[in-house]
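Undergrad:
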């Protein structure tokens with residue numbers, strides 16, 4: 601069944617795997633999911649990810665989760681901010697409150713998907729996709 605919100609499905613799969621202390625999570629592949637995973641990898645929530653094929657010939661992303669030295673979870677939760685039914689856009693002044701929090705904000709900008717800190721450093725605003733902590 602096709603998904604109407606691929607980012608929410610990705611975050612739910614990673615969150616569920618993290619809660620169960622699983623090493624990997626598998627989700628279907630898309631360019632947007634790969635871009636979000638690239639940011640999560642850079643921020644240390646995901647150890648690595650790769651594209652593999654399944655039995656039906658579809659492309660699947662295999663996400664390897666990161667854990668602390670005593671196997672404590674690093675990915676504790678996520679909140680989807682901008683949804684297909686309600687898009688949320690932030691400009692540079694609107695991005696500042698999200699930078700003061702402990703969460704990592706992920707934005708879709710005109711220069712690609714990046715973290716809130718990267719967008720602020722480049723003086724960019726965009727669609728606030730999600731918050732991860």
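In our numbering, the protein residues as written are 601 to 733.
All residues carry an ideal CB built from backbone N, CA and C; glycine is no exception.
All values reported here derive from a predicted model rather than from experimental measurement.
#1: Please classify residue 720: does DSSP put it in a helix, a strand, or coil?
#2: Within 10 angstroms of the Cβ of residue 716, are there 16 or more other Cβ atoms? Answer buried if so, exposed if not.
#3: Spell out the partners DSSP gives residue 664 in its beta bridges.
#4: Please determine, among 724, 654, 620, 660, the residue with the shortest C-alpha to C-alpha distance to residue 610.
#5: Three-state secondary structure (DSSP) at residue 643?
#6: Hey, out of 728, 711, 636, whose CA is closest to residue 722's CA?
#7: Across the stretch 638-658 and the stretch 681-696, are there enough close Cβ pairs to call them in contact, namely three or more that are closer than 8 angstroms?
#8: Here's the rule: buried if 16 or more other CB atoms are within 10 angstroms of the residue's CB, otherwise exposed. What is residue 726?
#9: With C-beta atoms as the reference, is residue 663 less than 7 angstroms away from residue 728?
#10: From the DSSP secondary-structure annotation, give me the bridge partner or partners of residue 678.
#11: By Cβ distance below 7 angstroms, which residues in the same chain neighbour residue 666 in space, the five residues on each side in sequence not counted?
TA: This is what the structure gives:
#1: Helix, per DSSP.
#2: Residue 716 comes out buried.
#3: 624, 648.
#4: Considering only alpha carbons, the answer is 660.
#5: It is helical.
#6: Residue 722 has its Cα closest to that of 711, out of 728, 711, 636.
#7: Short answer: they don't touch.
#8: The residue in question, residue 726, is buried, as its Cβ has 16 or more Cβ neighbours within 10 Å.
#9: Between residue 663 and residue 728, the CB-CB gap reaches or exceeds 7 angstroms.
#10: Note: residue 678 sits in a beta bridge opposite 732.
#11: Same-chain partners within the cutoff: 644, 645, 646, 647, 674.
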